[in-house]
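There are 2 protein chains.
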Amino acid sequence: MPRPLRSDNRLPQLLDHAARQFREKGFQGCSVRDIVGAIRMLPGSLYYHFPNKEALLVAVYAEGVRRIGAAVEAAMNRQSDPWLRLEAACAAHLEALLEDSDYAQVVIRVRPEDAPGAAARLVALRDEYDALFSRVLRTLPLRSRTDRRVLRLMLLGALNWTQTWYRPGRASPRRLARQFVRLLADALRPAPPAGKNRCRSGRKC
Amino acid sequence: MPRPLRSDNRLPQLLDHAARQFREKGFQGCSVRDIVGAIRMLPGSLYYHFPNKEALLVAVYAEGVRRIGAAVEAAMNRQSDPWLRLEAACAAHLEALLEDSDYAQVVIRVRPEDAPGAAARLVALRDEYDALFSRVLRTLPLRSRTDRRVLRLMLLGALNWTQTWYRPGRASPRRLARQFVRLLADALRPAPPAGKNRCRSGRKC
DNA sequence: ATCTGCCGAACGAATGTTCGTTTTGTCGTG
DNA sequence: CACGACAAAACGAACATTCGTTCGGCAGAT
Numbered sequence: 008m009p010r011p012l013r014s015d016n017r018l019p020q021l022l023d024h025a026a027r028q029f030r031e032k033g034f035q036g037c038s039v040r041d042i043v044g045a046i047r048m049l050p051g052s053l054y055y056h057f058p059n060k061e062a063l064l065v066a067v068y069a070e071g072v073r074r075i076g077a078a079v080e081a082a083m084n085r086q087s088d089p090w091l092r093l094e095a096a097c098a099a100h101l102e103a104l105l106e107d108s109d110y111a112q113v114v115i116r117v118r119p120e121d122a123p124g125a126a127a128r129l130v131a132l133r134d135e136y137d138a139l140f141s142r143v144l145r146t147l148p149l150r151s152r153t154d155r156r157v158l159r160l161m162l163l164g165a166l167n168w169t170q171t172w173y174r175p176g177r178a179s180p181r182r183l184a185r186q187f188v189r190l191l192a193d194a195l196r197p198a199p200p201a202g203k204n205r206c207r208s209g210r211k212c
Numbered sequence: 008m009p010r011p012l013r014s015d016n017r018l019p020q021l022l023d024h025a026a027r028q029f030r031e032k033g034f035q036g037c038s039v040r041d042i043v044g045a046i047r048m049l050p051g052s053l054y055y056h057f058p059n060k061e062a063l064l065v066a067v068y069a070e071g072v073r074r075i076g077a078a079v080e081a082a083m084n085r086q087s088d089p090w091l092r093l094e095a096a097c098a099a100h101l102e103a104l105l106e107d108s109d110y111a112q113v114v115i116r117v118r119p120e121d122a123p124g125a126a127a128r129l130v131a132l133r134d135e136y137d138a139l140f141s142r143v144l145r146t147l148p149l150r151s152r153t154d155r156r157v158l159r160l161m162l163l164g165a166l167n168w169t170q171t172w173y174r175p176g177r178a179s180p181r182r183l184a185r186q187f188v189r190l191l192a193d194a195l196r197p198a199p200p201a202g203k204n205r206c207r208s209g210r211k212c
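Top to bottom, those sequences are chains A and B. All residue numbers for the first sequence refer to our numbering, where the first residue is 8 and numbers rise by one. All residue numbers for the second sequence refer to our numbering, where the first residue is 8 and numbers rise by one.
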């Protein structure tokens with residue numbers, strides 16, 4: 008039973024600017040005054056909406072997971088081929104992470120340990136999102152020996168680390184996702200039945 | 008000309024504990040008192056050795072780059088085959104990053120932007136280290152179309168992100184490095200000359 | 001009339017940093 | 001070998017700010 012909201016409630020703007028500040032400067036890097044000041048609120052007013060600063064982070068985190076999860080799931084469901092599904096998921100992940108959403112960026116930027124009192128909940132939220140990628144990977148036809156867990160961790164690591172070096176204007180998130188997945192696909196796709204289509208190195212097939 | 012050092016100089020211990028604190032709680036996550044308190048120093052004494060907290064971080068960072076760089080270079084030079092060189096480099100990188108050195112972990116854990124006044128120097132130090140991997144990758148025989156820059160960023164991303172999920176006792180750094188590199192090697196090694204040794208999928212060759 | 005949503009002003013604690021003073025190792029000199 | 005000058009290294013105590021947080025009160029939407 009959600010309590011009634013007043014139309015002049017500034018919680019949405021509060022969350023928006025919290026997300027922006029958290030992604031720009033991290034959790035410990037910005038003060039309560041930085042966050043509320045951007046929307047001309049006073050520091051004490053935060054505590055009407057949240058019991059403390061960490062709870063605000065949890066709210067932003069949760070919204071971040073919700074948004075990036077929705078984006079990835081939607082992109083995924085537009086494809087049927089397993090490898091194309093993976094590529095679509097990665098592209099959506101990167102787009103949210105690098106360009107679209109402050110909320111999504113916070114999920115990757117802020118370490119759970121930075122907010123000790125909320126760490127457990129943050130980790131749970133991350134895991135919830137990771138499960139999405141586990142699902143995509145489960146449907147991939149792979150060589151028998153491939154460890155899907157290691158594959159997931161490696162791929163997500165490569166994707167998430169882009170946040171540290173990506174600069175808008177160069178390679179687009181879409182293109183990066185394509186490059187990453189292509190690379191893995193070449194390595195992991197089971198060999199085609201003998202005699203068929205074994206072109207793997209030449210310019211044209 | 009390094010000025011003369013006294014035998015009771017505690018700068019080494021100061022750096023050691025700073026590295027430990029920075030890696031455990033991040034730059035903004037620990038106070039000057041946390042750092043010096045661990046070696047029974049007083050907060051003001053820090054400022055005999057460094058002009059400010061950020062300069063201390065730079066010193067730790069530099070030492071971290073030096074150590075992990077030395078470890079990787081040594082491991083690299085023990086191999087001659089390009090792919091084995093890469094694997095050795097990755098293994099050394101992961102060992103330093105996950106188990107051995109507080110200093111090395113700080114280089115990955117702490118974001119340059121967390122210390123605005125020192126960010127430029129921190130980035131330069133990171134780049135200096137990255138150049139090592141550029142060198143290893145340059146000697147790799149790859150398919151003609153492969154973008155070595157993207158490859159480096161992807162690999163380093165996967166490696167560095169391990170810091171967020173790795174727990175000692177499971178897969179060893181060595182094993183992880185092996186898995187990562189194997190995966191890429193299968194994808195990127197140029198196809199062997201036609202008719203020779205084209206086993207790529209079966210159990211035994 | 002009620003109660004949501006925020007103001008305004010404060011709180012104590014913690015922050016990075018400064019500075020005059022004191023201790024202690026090092027070294028040239030007698 | 002002893003001693004005294006000198007600088008290195010750290011102390012001790014403060015500094016001004018900034019931090020997250022608390023709380024009584026009040027305007028205005030419902």
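In this text, a Cβ means the ideal position worked out from N, Cα and C, and glycines have one as well. Since the model is a prediction, treat every value here as computed from it, not as a measurement.
Taking a contact to mean a Cβ-Cβ separation below 9 Å, would you say residue i touches residue j in this structure?
i                 : j                 : result
Ala26 of chain A  : Asp137 of chain A : no
Ala122 of chain B : Glu61 of chain B  : yes
Val157 of chain A : Ala125 of chain B : no
Pro175 of chain B : Glu102 of chain B : no
Thr169 of chain A : Leu105 of chain A : yes
Gly33 of chain A  : Arg118 of chain B : yes
Glu94 of chain A  : Ala184 of chain A : yes
Val143 of chain B : Met48 of chain B  : no
Leu162 of chain B : Leu191 of chain B : yes
Leu21 of chain A  : Leu12 of chain A  : no
Leu139 of chain B : Ala111 of chain B : no
Val67 of chain B  : Val113 of chain B : yes
Leu147 of chain B : Arg155 of chain B : yes
Asp193 of chain A : Asp193 of chain B : yes
Val65 of chain A  : Leu132 of chain A : yes
Ala78 of chain B  : His100 of chain B : yes
Leu63 of chain B  : Ile46 of chain B  : no
Gln35 of chain A  : Gln35 of chain B  : yes
Grab me the residues of residue i's own chain with a C-beta within less than 6 Å of its C-beta, minus the 5 sequence neighbours each way, in chain order.
i                 : result
Cys37 of chain B  : Gln28
Ser151 of chain A : none
Asp23 of chain A  : none
His56 of chain B  : Leu18
Arg207 of chain B : With a pLDDT of only 42 at Arg207 of chain B, under 50, the local geometry of the prediction cannot be trusted, and no value is derived from it.
Val130 of chain B : Pro119
Pro50 of chain A  : Val39, Arg40 and Val43
List the residues of chain B whose Cβ lies closer than 7 Å to the Cβ of residue i, in chain order.
i                 : result
Phe187 of chain A : Met161
Show which residues of chain B have a CB atom less than 8 Å away from the CB atom of residue i.
i                 : result
Gly35 of chain A  : For the record, residue 35 of chain A in the displayed sequence is Gln; it is not Gly. Within 8 Å Cβ-Cβ: Gly33, Gln35 and Gly36.
Asp154 of chain A : Gln186
Gly71 of chain A  : Chain B residues near Gly71 of chain A: none, gap ~16 Å exceeds 8 Å.
Ser44 of chain A  : The question names Ser, yet the displayed sequence has Gly at residue 44 of chain A. None at all; the shortest Cβ gap to chain B is about 18 Å.
Chain B partners of residue i, CB-CB under 9 Å?
i                 : result
Asp121 of chain A : Lys32, Gly33, Gln35 and Gly36
Gly51 of chain A  : What Gly51 of chain A touches in chain B: nothing, since even the nearest Cβ is about 23 Å away.
In chain A, what lies closer than 7 Å to residue i by C-beta?
i                 : result
Val157 of chain B : Gln186
Gly76 of chain B  : Ordered by position in chain A, no residue passes the 7 Å Cβ test against Gly76 of chain B, which lies about 19 Å from the chain.
Residues in its own chain within less than 8 Å of residue i by CB, not counting five upstream and five downstream?
i                : result
Glu31 of chain B : Cys37
Tyr53 of chain A : According to the sequence as given, residue 53 of chain A is Leu; it is not Tyr. So the qualifying residues of the chain are Leu21, Val39, Ile42, Val43, Lys60 and Leu63.
Arg74 of chain A : Ala103, Ser108, Tyr110 and Ala111
Taking 8 Å as the cut-off, is the C-beta of residue i nearer than that to any heavy atom in the ligand SAH?
i                 : result
Ala131 of chain B : With respect to small molecules bound, the structure shown includes none, and the ligand SAH cannot be examined in it.
Using a Cβ-Cβ cutoff of less than 7 Å, which residues in the same chain neighbour residue i once the five nearest sequence positions on both sides are dropped?
i                 : result
Pro89 of chain A  : Thr146, Leu147 and Pro148
Glu135 of chain A : Val72
Please name the residues in the region 166–180 of chain A whose beta-carbon is closer than 7 Å to at least one beta-carbon of chain B, in chain order.
Residues passing the 7 Å Cβ filter: Asn167, Trp168, Thr169 and Trp172.
Give me the subset of the region 100–134 of chain B whose CB atoms are less than 7 Å from a CB atom of chain A, sorted by chain position.
Listed by position, the residues of the region 100–134 of chain B near chain A (Cβ gap below 7 Å) are Asp121.
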